Amino acid sequence: MDFDILIVGSGPAGQHAAWQAARMGKRAAIIERKPKIGGAGLQTGTIPSKAMREVAYLLSRSGGMRQALAPDARSRHGLLADAVRRKEGVIAQQESVILQRLLRHGVALIPGEASFLDAHTLEVADAAGHVRRISADVILLATGSRPRRPAHIQFDKKSVLDSTSILNLRHLPESLLVVGGGVIACEFVSIFAALGVQVSVVDSHAQLLTYLSDDVVGVLADSFLAMGVKFHMRERVVAIQREGGGTLTLLESGQQLRAEAVLYAQGREPNSGGLNVARAEVRSKDGWIEVNPQFQTSVPHIYAVGDLIGRPALASTGMEQGRAAVLHAFGGEQHVSAENLPMAVYTIPEISYVGKTEKEVQQEGIPYVIGRAQFKDSARGQIIGDAQGLLKLIVNAQNEKLLGVHIVGEQASELIHIGQLVMNLNGSVRDLVSNVFNYPTLAECYKLAALDCLHEMVELQK
1 MDFDILIVGS GPAGQHAAWQ AARMGKRAAI IERKPKIGGA GLQTGTIPSK AMREVAYLLS
61 RSGGMRQALA PDARSRHGLL ADAVRRKEGV IAQQESVILQ RLLRHGVALI PGEASFLDAH
121 TLEVADAAGH VRRISADVIL LATGSRPRRP AHIQFDKKSV LDSTSILNLR HLPESLLVVG
181 GGVIACEFVS IFAALGVQVS VVDSHAQLLT YLSDDVVGVL ADSFLAMGVK FHMRERVVAI
241 QREGGGTLTL LESGQQLRAE AVLYAQGREP NSGGLNVARA EVRSKDGWIE VNPQFQTSVP
301 HIYAVGDLIG RPALASTGME QGRAAVLHAF GGEQHVSAEN LPMAVYTIPE ISYVGKTEKE
361 VQQEGIPYVI GRAQFKDSAR GQIIGDAQGL LKLIVNAQNE KLLGVHIVGE QASELIHIGQ
421 LVMNLNGSVR DLVSNVFNYP TLAECYKLAA LDCLHEMVEL QK
């Protein structure tokens, strides 16, 4: 065999798989079909959108600056240029870091598109048309996903956009219609609304981010309304047409919506079409690769991780999946992955959660109490002016263990790890009460919410 392990895809999942294999002394190679490494996580998804979001966030924190700048087209386009420069700078720096780390670990980088010839052999065709065959004892698929682009929608990368092409805009539209109410849609609503664009949202559901608690989503919706976002909920898009210098979107209800640009952000599709997995007898469903809890496919020495296997399709979980798969493949010491994986939505304000939702707890029949802390009730919240932030604890009323933590507000994606650690260490709500937090900090909201939980428990016993 040419290598101990071949990894197809250089995104977060593939990178961490390669590093783990190299640390175990294995001959590892990454095959990447794109000209640059990093996958969607670095090049077209996670990192670039968060870099642009940071510019928009800083603007939103400047109070009246956004309203002052918004009418001035030159200033508004300058803001987009700043956001794009920041995005490209971060990508270039991260690309260099990743490349150096892979080379330092002795991981071979093979450019080209891979497809199976048999269960141990891949054919790799590079951009120049050169084809080579490469074999390995273990093959790990980490080719990721791409935005879903329905055939009846004519994407043009200018006025009808997906979540990849919108990152390359050089002109800030006066108005933007976002189709979708999920994570990606909401993150771009935040970015462009904060940059002064008139944003409208169309979604078939009654609320945004339907898997989250109503009170958490309510804070986000209120923030969007304050930024001038308009909602068209319980609506379905029939057609999107280009009209003059803009777009016309037709809804199932008969309503017509005009906007300079449309972002279609409803779902993603797996990048598995070119792999020819059937040749290796790897099972898939609608392109998504089927795996067991150890990330093995139907062929035991072929693994799949990251977006390619479906939900939760997060960079953070993909990293852990890649590491765990390699440990399993080569008999390394495996530590059970934490059950409680944190999730974050990088909107303005941020949302993050870990564990169960209130609805899930109710469905499972677990007796519980809720503890809440408003950011405005903490000194730090008052200092930074976050009047809407909320930290919510869901606690088992019988054993006082944390069942879930939900946060919306400043630094939610950072704060969530406190609750995650308590849950993974099997701690209780009393651990949060007895813990000493720096003062003033938003982390103190954990203690406030925990005290609220204990009060609710006392009330239950009356």
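Quick note: the sequence shown uses the working numbering, first residue 1, plus one each step.
The C-beta atom is built at its ideal place from N, Cα and C for all residues, glycine as well.
The structure displayed is predicted, hence computed values, not measured ones.
Spatially closest choice to residue i from the options, by CA coordinates
i      : options                           : result
Ser165 : Gly180, Ser175 and Arg149         : Arg149
Ala278 : Leu390, Ile289 and Ser200         : Ile289
Gly419 : Leu454, Pro35, Gly385 and Met343  : Met343
Val238 : His152, Arg170, Ala261 and Val201 : His152
Leu451 : Val436, Arg430 and Tyr439         : Arg430
Arg85  : Pro48, Glu113, Ser434 and Ser272  : Pro48
Val326 : Ile351, Leu393, Asn340 and Met24  : Met24
Ala127 : Ile139, Ser135, Ser272 and Glu113 : Glu113
Val219 : Leu391, Gly274 and Leu141         : Leu391
Tyr346 : Gln20, Arg133, Val183 and Glu444  : Val183
Thr143 : Thr249, Glu444, Ile384 and Gly306 : Gly306
His120 : Val217, His105, Tyr303 and Gly39  : Tyr303
Asp286 : Ala280, Gln266 and Leu308         : Leu308
Val216 : Gln266, Gln388 and Pro440         : Gln388
His455 : Leu421, Val107, Arg372 and Asp386 : Arg372
Leu250 : Gly267, Ala40, Asp203 and Asn271  : Asp203
Met1   : Val433, Lys157, Ile134 and Ser10  : Ile134
Leu275 : Ala125, Lys447, Gly385 and Cys453 : Ala125
Leu460 : Pro367, Arg146 and Ala185         : Pro367
Glu400 : Ala193, Leu421 and Asn426         : Asn426
Gln449 : Tyr439, Val458 and Val433         : Per the sequence shown, residue 449 should be read as Ala rather than Gln. With distances taken between Cα atoms, Ala449 lies closest to Val433.
Ile351 : Leu402, His417 and Leu421         : His417
Ile191 : Lys26, Gly331, Val395 and Ser60   : Ser60
Ser10  : Ile394, Ser145, Gly78 and His130  : Ser145
Val422 : Asn340, Ser413, Glu364 and Gln362 : Asn340
Ala185 : Glu174, Pro147 and Ile394         : Pro147
Glu260 : Pro440, Leu140, Gly244 and Gln266 : Gly244
Cβ distance (whole Å) where residue i is taken to contact residue j below 8 Å
i      : j      : result
Asp137 : Ile5   : 7 Å
Val179 : Tyr57  : That pair is no contact at about 23 Å.
Ile110 : Ile31  : 5 Å
Val262 : Ser159 : 7 Å
Lys87  : Leu167 : 7 Å
Ala397 : Val354 : With 8 Å as the limit, Ala397 and Val354 do not qualify as a contact, their Cβ atoms being about 19 Å apart.
Leu176 : Val197 : 5 Å
Glu187 : Arg33  : That belief does not hold up - the Cβ atoms of Glu187 and Arg33 are roughly 26 Å apart, past 8 Å.
Val55  : Asp82  : 6 Å
Ala29  : Phe3   : 5 Å
Pro12  : Ala315 : 4 Å
Ile348 : Ala194 : 6 Å
Contacting residues, own chain, Cβ-Cβ under 7 Å from residue i (five flanking each side not counted)
i      : result
Leu442 : Phe375, Ser378, Arg380, Gly381, Glu410, Gln411 and Leu415
His16  : Met319, Gly322 and Arg323
Val189 : Val178, Val199, Val201, Phe224 and Val229
Val282 : Ile289, Thr297, Ser298, Val299 and Ile302
Phe116 : Leu122, Leu275, Asn276, Val277, Arg279 and Ala280
Asp222 : Gln388
Met457 : Val369 and Ala397
Leu248 : Gln241, Gln256 and Arg258
Lys26  : Asp4, Ile5 and Phe330
Beta-carbon contacts of residue i that lie in its chain and below 6 Å, excluding the five residues immediately before and after
i      : result
Gly310 : Trp288
Leu80  : Leu172
Arg74  : Only weak support is given to the placement of Arg74: the predicted model assigns it a pLDDT of 47, under 50, and the question is left unresolved by the model.
Glu444 : Ser378 and Phe437
Gly64  : Residue confidence is low: Gly64 scores 42 on pLDDT, short of 50, so the model does not pin down where it sits. Its coordinate-derived value is still stated next. Excluding sequence neighbours, Gly64 sits near nothing in its chain.
Thr44  : Thr164
His328 : Gln294
Arg236 : Ser204 and Glu252
Gln20  : Arg323 and Val326
His232 : Val202
Gly181 : Asp203, His205 and Leu208
Distance cut-off 7 Å: residue i Cβ against heavy atoms of the ligand NAP
i      : result
Ala239 : Inclusion of the ligand NAP in the displayed structure is not the case, the ligand content being empty and no account of it being possible.
Sequence-distant residues of its chain with Cβ nearer than 8 Å to residue i (five each side left out)
i      : result
Phe155 : Arg149, Leu161, Asp162, Ser165 and Tyr264
Gly273 : Gly287
Ile91  : Gly38, Leu42, Gln43, Ile47, Pro48 and Ala51
Asn435 : Tyr446 and Lys447
**Prompt:** Does the stretch 352-368 come close enough to the stretch 398-417 that 3 or more CB-CB pairs lie under 8 Å?
**Reply:** yes
**Asked** Should the stretch 291-299 be called in touch with the stretch 201-217, which here means at least 3 C-beta pairs below 8 Å?
**Response** no
**the stretch 92-111 / the stretch 239-259 touching (three or more Cβ pairs under 8 Å)** = no
**Prompt:** In the stretch 302-390, which residue ranges form an unbroken beta strand (DSSP E) of at least 3 residues, counting only runs that do not cross its ends?
**Reply:** 302-304, 343-345, 351-355 and 368-374
**Message:** Please give me, in chain order, every unbroken run of the beta strand (DSSP E) with length at least 3 that falls completely inside the stretch 240-290.
**Reply:** 246-251, 256-259, 261-264 and 268-270
**Message:** Quick check for students: name the residue ranges of the alpha helix (DSSP H) that lie wholly in the stretch 405-457, counting only runs of 4 or more.
**Reply:** 412-424 and 429-434
**Message:** My parser needs the beta strand (DSSP E) runs of 3 or more residues fully inside the stretch 85-171; what are they?
**Reply:** 108-111, 113-118, 121-125, 131-141 and 145-147
**Uninterrupted beta strand (DSSP E) stretches inside the stretch 180-250 (no shorter than 3 residues)** = 198-203, 230-233 and 237-243
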